[in-house]
Structures are given as C-alpha cells and as structure tokens.
Amino acid sequence: MFHALVSIKQVPDTTNIRIDPETNNLIRQGVPTILNPYDAHAVAAAVEWKRKLGGKVTIITMGPPAAVTSLRECIEMGADRAILISARQFAGADTWATSYVLSEVVKAVHEKDPIDLLFFGKQAIDGDTAQVGPGVAVRLDLPVVSYAVKIREVNLEERYVIIERKTESRNEVIKTSLPTALTCEKDIAEIPYASLPDLVYSLRYEPEVWNAESPITFDPALLGLKGSPTTVFKTGTPEKHIAGEVIKTEELGVDGAVKAALDKILGVEGMASILGVQK
Amino acid sequence: MDKNQKLEFDVIVVGAGLSGSAAAAIAARSGLKVAIVERGQNPGSKNYFGGALYTHSLLEIYPDLWDRKPPLERPVTETGFWFLSKDGLVKATVQGGKVNSNPIDAYVALRAKFDAWWAEQAQKEGAFIIPKTLVVDFIRENGKVVGVKTDRDQGDIYAPVVIITEGVNNLLTQKLGLAKHDIKGDSAALAVKQLISIPAATINARFGLTDNDHGLAMSVMGDVSMGLPGLGFIYTGVDCVSVGVGVTLEALREAGIKPYELLQRYMNHPMIAPLIAGGRLMEYGAHIIPEGGWKDMPQLYTDGVLVAGDAASMVNALHWEGTNMAIVAGKCAAETAIEAHQKKDFSAKSLSSYRTRLDKRFIMTDLHQYRNLSHFLKTHPDFMAIYPTFINDALGMFFTGFGKPKGQLYKDILRSLTDRRPLLKAVGDIVAFGRTIIGI
Amino acid sequence: MSETSDTQQNDLPKVFIDDILMSLKYFTDEHEAHLKIIDTQVCINCKDKPCIQFCPVGAYRTQDGGTVQIAFQSCIECGTCRVMCPPANVSWKLPRGGFGVAYKFG
Amino acid sequence: MTRRFWVYIEQEDGKAHPVAWELLGVARRLADEVNDNAVVEGILVGDNMEELAREAIQYGAQTVYVVDGPTFKNYLNKPYTTALSALVKKYDPEVLLVGATTLGRDLAGAVATSIGTGLTADTTHLAMGEVKGTVQKLLLATRPAFGGNVIATIVCRDYRPQMATVRPRVFTSAPRQADAKGEIVREVIPITPDMINAEILEFITNDAASVKLEYADIIVSGGRGLGGAKGFALIQELADALGGVVGSSRACVDAGWIKYDHQVGQTGKTVRPKLYIAAGISGAIQHKVGMQESDFILAINRDPHAPIFDVATMGIVGDLYEVIPAMIKEIRARKEAQHG
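Residue numbers (my numbering), protein chains in the order written: chain A, 1 to 279; chain B, 1001 to 1440; chain C, 2001 to 2106; chain D, 3001 to 3340.
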C-alpha cells in the first residue's frame, strides 16, 4: 500500500493584495485565503499515484483554525486524512521553526503508518522562500528532489522512485530510494475536478487537530517566534518608478525618434557591448 | 460516511443568493433536510448589486437579526434623487422624518460579504451548502422534477421539490419551459459599478453625514446616462463608495458605447468627481437587472419546482426593489415546500399556493402596478434626457434671476422646457408617467 | 494599429479596462472556455460588432480578417452578450462550478 | 577574529552560474562595510574544479575552498549539503550568500536547516547595518513578499552564518582581474555510500527553458497593439537584430497569438533585462510588475497616455509599425558601420 503525505499551507491570495497609498499598510480586507497553488498540485499528484497504486494520502498543515478550509479542499481532491497543527505557540514561526514542527509531525505519522513519498509545493506564494520542503527533508534525513515536474515511476517492491525535476538549464531525471521528499511545480499533476460525492464528503470532513502538547510534544524553545533564527527588522513598500522622457514621431519624425532613442540606450554604460553596436 | 450513498434531500435550493438562502433557512428551520447548490467558490462570490438591503425583509427571516451581527455597511439616513445636468446638480433628497425610522428601513451592503453571512445563517438553521457546483439540468421521473443534475461526476441530487433562485440568467427556468423567453434587451438593464475606497471620515465630510451611522443612497438621473433610458446611483459604505450606472441593454447596444466608459464619464462629472476624489478602486463589476418585472415574469411553479427572485423577474425598477422581493418570495417558496411535504403532494397544483402567498404580499401588487414602466421608458426615450436637465435649468434660473423682471424669468424657464419638448407633449409625458406608476 | 486607437465617440473618457479588471479575482478554468463563437464567418459578416462595445469587461476583440475573439478568462458572467449579440452567435454557458469571477466585495 | 563573507560558487558542468560573480561583488561591498578583518571567500563543490577556483579568485575571492571529486560531479542535495555544512562548521563564516536559482535555493534551505541558522530567501537588497541590541553590524537582507507588494528586511541575530539567497541580476558582476591573487584550499569531505541517496539517470533538454526570458539581456515584448499574431514576426525581427528574445503581454497570450512561455507579468515571468522594449503594450499593472525592474525600458505606443510610459525610461509616441522597421534598419546600419 502506498502512503503519501502532503504538507500544505493556506496563504493570502497575493494576486489580490494591494497597498494603502496613504498608510503604506497591506490591505487585507477582501483578500481571500486560498490553498497555496503549488501545494494543490502536489496534492493532485499524491492522489493520482494513490489511485494508481492503491493506498492513501495524508495531509498536514500548520496554521490557524481557518486553515480547515484548505484541508477540506485536499480531501475534496481525494486525500484521505487531514491533520491541522494549530496552537498559539506556533505563531510567528520562520521557515526553520516551521520545518521543525512539520518534521516532528511527519515522524509521528510515519511511526504508525510508514510514508513512501513526502510532498511539498515548490514554494508558498506569500513568502516565496522554497525552504520548508528541503528543511523538513534534512531534518528527517530523507533524499529531497525539488522543483519536480513529473513522477515517472513509483516502485513499492524495490523501494525506489524516479522523478523528473527542473533546473535552470535542463531537466534531470533522478532516482532515489523510498521514502523521498519532493517539492512540486504545477506541472506535476492537474487539479482534478472532484466528483460530487467526494465534494460532499469533504464538506462534512472534520480534520484531526494537533496542538503543542497533544498527541505529540514539541520543544517549546524551538517553536514560533522564539524558535525562529530570523526576525523581520522592518517592512516597506517598493519604490515607485519615475517616468522618463517621452518623444513623439509626430515631432521628430520616425527616423529622428528612433535615432534619439538608440542614442539614449547606447549612452547607458555597458549597453553598447550588449547590443554589439558602438555608441 | 458512505460516499456511494444516493444524495437525497427534502428540498434543493439552486443558488445561495438572498432568495435562496432565505428559502433554505425557512425550510430547514421547519425540520426539512435542505441542500443549497451554489456555483461560486463561496456563497456571495457571484452576487452583485448596487446597493441597499431592506430591513423589513431581513427581519422577516431572522427576527433576531441584530443579535446575529449582520455585516452591513451604513444605514440609509438620506435618500432621494439627484438630477444631473451637464455641469449642474439638483438634489431632491429626504432625511430625518419618515426616513429616521427605528430600525432604519434600508442598509447599504456589499453582497460578497453579506451573502456569505446570509448563507451561513441558513447553514446554522440546518441547511447544507454545496459550493463550487453548477446545476445544469433536472432529474425527471414521469415528467416530474425529482432532483437536479450538476456538472460534477456522479452529480445527481434528489429532492421532491426544487426551489430555483438562479438569478437573472435563468437558464434552468428556461430549460423547464417556465419562462416564455430569454431576457429582453429593452426590458433589462446592464448596471456597471465601481466600489471605491475612501476613508470613513472623508466620506462623512464630503456627503455631510454626521458619523458612520449615517449613510446615503441616491438615484441619479439625467446627464449620468447621456440621455439613454437609465439611472445612476451612489451609495456610501463605511469606508467605501459605490458609484454605478445602469442603462437598458438595447439602448447600450444602439448607442455603441462602452459601459465602463459611460461609468467613467459619470465619475468624471464635475458634481460627482469631488465626492470620490483620491479614492482607490476596490472592485469593478457588472450585472443585468431584470427590469421587465411583471411582463417578463415566468410561470412561477410546476411539478416539483418553484422559482423566486431575479430568476422570476421580481424587480421593481422605479423603486430599486428586488432584494426584498427576492427574500420574501424565497420565504413564500419555502413555506410552499413545507406545506407540500406535509401534504406529500409536490404537483403543480399543490405548489400553486406559492402564487397565493405572493399575491397576499406587496410583491405581486407592486409588480402588477409597475407593469408598464419599461414600456413607458421605451416609448418615451427622451424622458430621462429632458426632464432632469430641465429641472436643473429651471431651478438655476429661478435662484439666479436677480435684477430681472420676474415675469420674463418665468417665460424663460418655460422656454427652456419648450425648447426641449413642446408643452403639450411635456404635459402628455407627465400624465403618461403618472398613469404608468399608478398602474392604470 | 495600437490598442488605444479606437475612435472615440461622444465625449467618453478613455478607460484602460485591463487595469480595472486587476481589481477582480478570477478562478480561470484552463480546460474549458465557457464562451465560444458559434460560427466565425457570422462575425466576419457582422458589420457593427456591438459586442466590442457593450461587453462590460471588453472581453470581445476583433482580429485580422474581422473575426471576433473572446477572452473568456475576463468574463464576469453578466449575460449581456447572450442577449445582445445580434446574430445570437455566442454559445453562452456558465463556467463550471467554482470557476469564473469571484467577487470579493460585490 | 577574521570575519568571513562567503559566496557559494554555483556551477553546472564546470561552468559557473553568473550569479556567483554577482555575489562576489556584493560580498566585497558588505565586507568593506564592516571593514575590520573582513574577507571575501568562495566555496566551490564539484569535480575538476581547479580552473573554476582560479576564475573565482579573478572575480574577487581571496580564498576559495574547494571540495573536489567525482562524487560531486553533478549537483545532488545530500552530498552538497554535507560538504557545505561541514565547511561552515569548520570555518564559522559570518555571512553565506547563495544564488536564488533552483539549485541554490534547494541547497541553501537544506544547509540552513542542517547547521541550524536563519536563511532569508530571494533577497533583492543587502547591507550591513546596526541593529539595536547587537554589537556588530548585522546583515540586513531585504526581499519582496506578498507578490511584490511589500518589501521586508530580515535579520538573523543569534545564529551564524547569516544566510541569504540572492536573486540573479540584482547586483552587477564583480570585475574580473586576471592578475588577482588568492589562495585555493582543498577540503576533503568524506561521503560514504549511504549518504548518496539519489542518482541522476539522465538529463533532458527543456523546451520551455529555451525561451530564457529571465536571463535575457534584451527582451522585445509585443502587446495587443500588434493587432494580431502576425505582428510577432516584426517583434521577432527586432529581437533578432538586437540579439534579444521575444516577450509578450498577457493579452496576446490569451488571444493565442503567442505561447505562454513568452508571457511577462504577474501571471507570467518576472524579468529584469538590461533593455526591455515594450511595443504596443498599454501597461496594465499585471504587466508592469513583471518588467519594471528592467535597467532600461523603451516603450513604443500610439497613445501618449498609455500607463506603460509611467515606468518607461524612454517613450516613443508613434505607430509601432513605423517605428520598429525604422529601428531595425538603424541597428543594422550601425552594426554594419562598426564591422565594415
């Protein structure tokens, strides 16, 4: 039996975030929270392989009680079990403290119900750090394949998996032993459109809730803000760009405007050599 | 829970809007097993209006409304008409007196927020909400509707009675043959709106509102629609202002204008621009209003089916009523469904008591009374162009006619009307308009 | 040829609808276009192409050769084109459950 | 005590990723900001790294620590993490910078966890600054968050090294000095067979990677103003003349005029080339957020009020179908004049 565990995060939909021009604060009003898109594809991949091999998919997330919505969405896609790890002590965790909590939870699940593949999205769209996946893998001493675009083969008898991952310049096909951790690009699998019974089941599903004391205990010194090596020193808004000179073909003629523009471009240091043209 | 179990309910409501969630709440409260099937990500995510909600209808569903802390914006403490000319404004507004009722008659609201809450209240009454699911057809047995088909695999849901509150694009109602025809371009308006973020204190200052417990809801006529049959509006939320304009579809097409440019033109009007200056666009949207009312009303029931709200063309275009009709009709539909369950009879004949219920309320009376309004506007295409501008000129002249013989002033005022429309025709317009709204 | 070169009628101000649409949230269905032109030739023969004007999100655009193309991704499901396309040449459906526009305020 | 500013020299098949030289440049600046006893050093892991190590010295590494051997021929997370973590433990650097590439992010996340220190990902600005309650200056690592709407400066007070991954193209490359002197220190990190938990079976050329917008020096993008798919032939011609690649606004991708791989913007790629030419692009916010960091933006549009001009370094108001052919002609003429 195949057992996949997927670690997900509920995030504010960053495509909807705006800045208040007067106060420079984030406007959170009307910003929906969603299941991190890369995580959704990771869940889809886990479910796809569960359906091929038989077995089950467990979802974990560390977050506020409202993250139940995202867990239900994973159940809707076909996951079987969902765990919400939620407690005040976890608040303010950076990626290091987060990977500590998640790795402890994965360990606890694994002890009772051994895991073959540990899925993450490649990064969360609110922080874009891409660190939690590799972090958890290191803590658990698992091989990690990041930026996975395709799972080619999962062999439960011979205990290996073949995964295609994307690097900057090419794709690599990597074989690792099970269990393996992977972080997923969107290409890994398409989001399934759930059947109505699956959807209805998910709407009624109540995830297990784990806190800082039960069913497992954590080292309080490693949790939340206290357990985070990094802290936010300050925040601000990106600088506004200032409009440059605008010329008109009406006034300079087409050739005149083109020459003026090229002269200005070539006037920038280093530009002439990039364009292969002298100033 | 067994995933293979047949999905069966006592009542299916199609659409978690104002009407649907009201119907679901009433039916669930009586102990029926109710499912609301909603196509949006969440209840409210597809719903859009100007606008204001009417307190009487909310209280009718939840007498303990205020304890439930509804997410309303400001109460409407000033309302009425603004008449725009090219560069001027005449206000005919009411505040205090009858408007200062307890509770206040109307509240400004934002539908995505309100409808999510409204559906949650139905859920608390026991209704089961199935979001992200589109109803595409009906399940029929012996010619009777016994459930709905959705766009999902194994997507059938069964119930002996289905309440359709699908909104203005009533494809399901049409599919059942209940609607005689699709929406018509001359009796439906496209309304476009921008929701603009402005600090509450600025809103209070600009609109002359005492505090955040005072709000304004205006219908704006005249230059706003460039002479097309249509109306503008402006509503104050707590820290946002809704500005919009609605024009009949036919007129929009004939004029060949882009609705969002018409809206921008209204927002740029010298009397409107200062009210929203410095504001930030929070959301843009558009929706069709089924202004045909009575004339476009489909058959409201058939075997196993009831129709309510926009899907049933329950809109009073002149009074901007629609949400309250939708809510009350939803309640009437639910009561009918409850009665049908008691009688165990879901035939059209049994469900015909829905019509009786509606007849007893303001809904049918009002819709009948205003049945000729869209016809009037169609046959008097200049009505919205001429009179608001005239009012501006007339009052403008009246209040600036210093140092002139007053007899001449009145002649000038009269001429500013007759230049636009011969006197007899103008009198005819007014009489016809009066007859239309009185319902003769 | 520029997208901003549409001739302006009346005294209407120019509006960049794409910027305005940034205020909207969509769940785009990558697999299914809910709006389709039924017969491209009908659009080529349609002289006025009022859809270019009346669509409140400017989802209708003309292309080379006079065909009309729909950016269904920006549709807000109002229904205007279903009702007002003169030759009724739009196959109009609602997006699948969960997809399409999702108003945040309404 | 020597304060070490470390740069991980990312390489693939013996070729350094250009971000490595950018990081050596910024590390030098950071080291100068604390001045006392600060050194810039490079870390190199791979097979046959001698030549690359010398190159790193020419780009400003005072010392290069090299972990060399067939075990490290291709990047694999575990052996590389083990090697880098061991060096960190041995030398206790103050700062460790890694390129925010796919490979660099994979490695940095694992290393930070294994040595137990803080890591700020995907930074776009770095400085050494005073922070209340600390004696020495800390690395102030600034990065965009929430889809670029906010920038946050992150510090790591109590753990070392202070780690950051840095976006390529944010900093300029350090100058190469052929006669630069530096030391190459060979390090031996034993990798036991059980530590090799992954094996690369093959490499595949990635078609999508062939549209290398993110790393292009020159991008010519077309928008709806092209009026049709055919317009991209002209865009391609200009791109060819300049030696650049073709980008697009979302509208054209939606319209099916060009493939998604070319899309620049919030829902496409974020680019920061030296030269970005936006032709017939109105400049919706969604597009601007993807390209406004470009060094030089030339906008060509008929509408003088198009919002693209707000972010353009230079704008030409005119018909792109007149301007671009003229521009192609002018560039070709100037190139010929140079070579001929």
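By construction, the Cβ of each residue, glycine as well, lies at the ideal position given by its N, Cα and C atoms.
Less than 8 angstroms between CB atoms is the rule here; does residue i satisfy it with respect to chain B?
i	result
Arg2061 of chain C	no
Tyr201 of chain A	yes
Name, please, each residue of chain C whose Cβ falls closer than 7 angstroms to the Cβ of residue i.
i	result
Ser1045 of chain B	Ala2102 and Tyr2103
Met1314 of chain B	Going along chain C, no residue has its Cβ under 7 angstroms from Met1314 of chain B, so there is no contact; the nearest lies around 17 angstroms.
Would you say residue i touches the ligand SAM, meaning its beta carbon is less than 7 angstroms from a heavy atom?
i	result
Arg1039 of chain B	The ligand content of the structure shown is nil, which means the ligand SAM is not present either.
Just the chain C side, please: which residues come within less than 8 angstroms of residue i by C-beta, in chain order?
i	result
Tyr193 of chain A	Arg2096
Asp13 of chain A	Lys2025
Glu1261 of chain B	Leu2012, Pro2013, Lys2014 and Val2015
Using a Cβ-Cβ distance cut-off of 8 angstroms, determine whether residue i contacts chain A.
i	result
Leu1032 of chain B	no
Gly1155 of chain B	yes
Asp2967 of chain D	Nothing can be reported for residue 2967 of chain D, as the shown portion of chain D is limited to 3001 through 3340.
Tyr3080 of chain D	no
Pro3144 of chain D	yes
Ile1130 of chain B	yes
Please list the partners that residue i has in chain B, where partner means a Cβ-to-Cβ separation under 8 angstroms.
i	result
Gly2079 of chain C	Val1168, Asn1169, Ile1183 and Ile1288
Val2083 of chain C	Asp1182, Ile1183, Lys1184, Gly1185, Ala1188, Leu1249 and Ile1288
Excluding the 5 residues flanking residue i on each side, which residues of the same chain have their C-beta closer than 6 angstroms to its C-beta?
i	result
Met1325 of chain B	Met1314 and Ile1363
Ile1104 of chain B	Pro1075
Leu1058 of chain B	Leu1065
Ala1308 of chain B	Ser1019, Thr1165, Ala1329, Gly1330 and Ala1333
Asn3197 of chain D	Lys3078
Gln2008 of chain C	In this prediction, Gln2008 of chain C has a pLDDT of 42, which is less than 50 and means its spatial position is unreliable; nothing more can be read from the coordinates.
Lys1086 of chain B	Asp1223
Using C-beta distances below 7 angstroms, list every residue in its chain close to residue i, excluding the 5 sequence neighbours before and after it, in chain order.
i	result
Lys2104 of chain C	Lys2025
Phe3184 of chain D	This sequence places Ile at residue 3184 of chain D; Phe is not what is there. Taken in chain order, the residues that qualify are Ala3053, Val3064 and Val3066.
Tyr1260 of chain B	Val1192
Gly1304 of chain B	Lys1144, Val1145, Val1146, Pro1160, Val1161, Val1162 and Phe1346
Tyr1354 of chain B	Leu1300, Tyr1301, Leu1306, Cys1332, Ala1333 and Thr1336
Flag residue i as yes if its beta-carbon sits less than 8 angstroms from any beta-carbon of chain C, otherwise no.
i	result
Pro32 of chain A	yes
Asp255 of chain A	no
Asp3254 of chain D	yes
Asp126 of chain A	no
Gln1121 of chain B	no
Can you name the residues of chain D whose CB is closer than 9 angstroms to the CB of residue i?
i	result
Met271 of chain A	Lys3274, Leu3275, Asp3295 and Phe3296
Asp285 of chain A	What is shown of chain A runs 1 to 279, which leaves residue 285 of chain A out entirely.
Gly78 of chain A	The premise fails here: Gly78 of chain A is roughly 27 angstroms from chain D at the closest Cβ pair, so nothing lies under 9 angstroms.
Strictly below 9 angstroms CB to CB, what residues from chain G border residue i?
i	result
Met1282 of chain B	Protein chains A, B, C and D are contained in the structure displayed, whereas chain G is not.
Taking 8 angstroms as the limit between beta carbons, can you name the residues of its chain near residue i, skipping five residues before and five after?
i	result
Glu2003 of chain C	The predicted position of Glu2003 of chain C is uncertain, since its pLDDT is 38 and thus under 50; a value taken from the coordinates is nonetheless stated next. Excluding sequence neighbours, Glu2003 of chain C sits near nothing in its chain.
Ala14 of chain A	Per the sequence shown, residue 14 of chain A should be read as Thr rather than Ala. The residues are Ile125 and Asp126.
Any C-beta of chain D sitting closer than 8 angstroms to the C-beta of residue i?
i	result
Asp2011 of chain C	no
Thr69 of chain A	no
Glu2016 of chain C	The residue asked about is misnamed: residue 2016 of chain C is Phe in this sequence, not Glu. By this cut-off, Phe2016 of chain C is an interface position.
His110 of chain A	no
Phe233 of chain A	yes
Along chain D, in chain order, which residues have C-beta atoms closer than 8 angstroms to that of residue i?
i	result
Ala2071 of chain C	Ala3251, Asp3254 and Ala3255
By the criterion of Cβ-Cβ separation under 9 angstroms, what are the contact partners of residue i in chain A?
i	result
Val3323 of chain D	Thr249, Val254, Ala257, Val258 and Ala261
Residues of chain B with a CB under 9 angstroms from the CB of residue i: which are they?
i	result
Asp198 of chain A	Lys1003, Arg1152, Asp1153 and Gln1154
For a contact defined as C-beta to C-beta under 9 angstroms, what are the partners of residue i on chain C?
i	result
Asp999 of chain B	The structure shown does not extend to residue 999 of chain B, since chain B is modelled only from 1001 through 1440, so no value can be given for it.
What residues in the region 2021-2052 of chain C bring their beta carbon closer than 7 angstroms to a beta carbon of chain A? Cβ contacts with chain A come from Lys2025.
- Message: For the region 1368-1392 of chain B, list every residue whose C-beta sits within 8 angstroms of some C-beta in chain C, in sequence order.
- Response: Correct list: empty, as no residue qualifies.
State whether the region 131-151 of chain A contacts the region 164-174 of chain A, with contact taken as three or more CB pairs (one from each stretch) at a distance under 8 angstroms. The region 131-151 of chain A vs the region 164-174 of chain A: in contact.
Exercise. Taking any Cβ of chain C, which residues in the region 3279-3290 of chain D have a Cβ under 7 angstroms from it, in chain order?
Worked result: Under the 7 angstroms Cβ criterion, the region 3279-3290 of chain D contributes Gly3280, Ser3282, Ala3284, Ile3285 and Gln3286.
Taking contact to mean at least 3 C-beta pairs separated by less than 8 angstroms, is the region 3177-3191 of chain D in contact with the region 3109-3123 of chain D? No: the two stretches stay apart, fewer than three of their Cβ pairs being nearer than 8 angstroms.
- Task: Please confirm if the region 3067-3076 of chain D is in contact with the region 2078-2093 of chain C, defined as three or more CB-CB distances below 8 angstroms between the two stretches.
- Result: No: the two stretches stay apart, fewer than three of their Cβ pairs being nearer than 8 angstroms.
- Query: Are at least three pairs of beta-carbons, each pair with one atom in the region 1222-1240 of chain B and one in the region 1190-1206 of chain B, less than 8 angstroms apart?
  - Reply: The region 1222-1240 of chain B makes contact with the region 1190-1206 of chain B: 3 or more CB pairs, one atom from each, lie closer than 8 angstroms.
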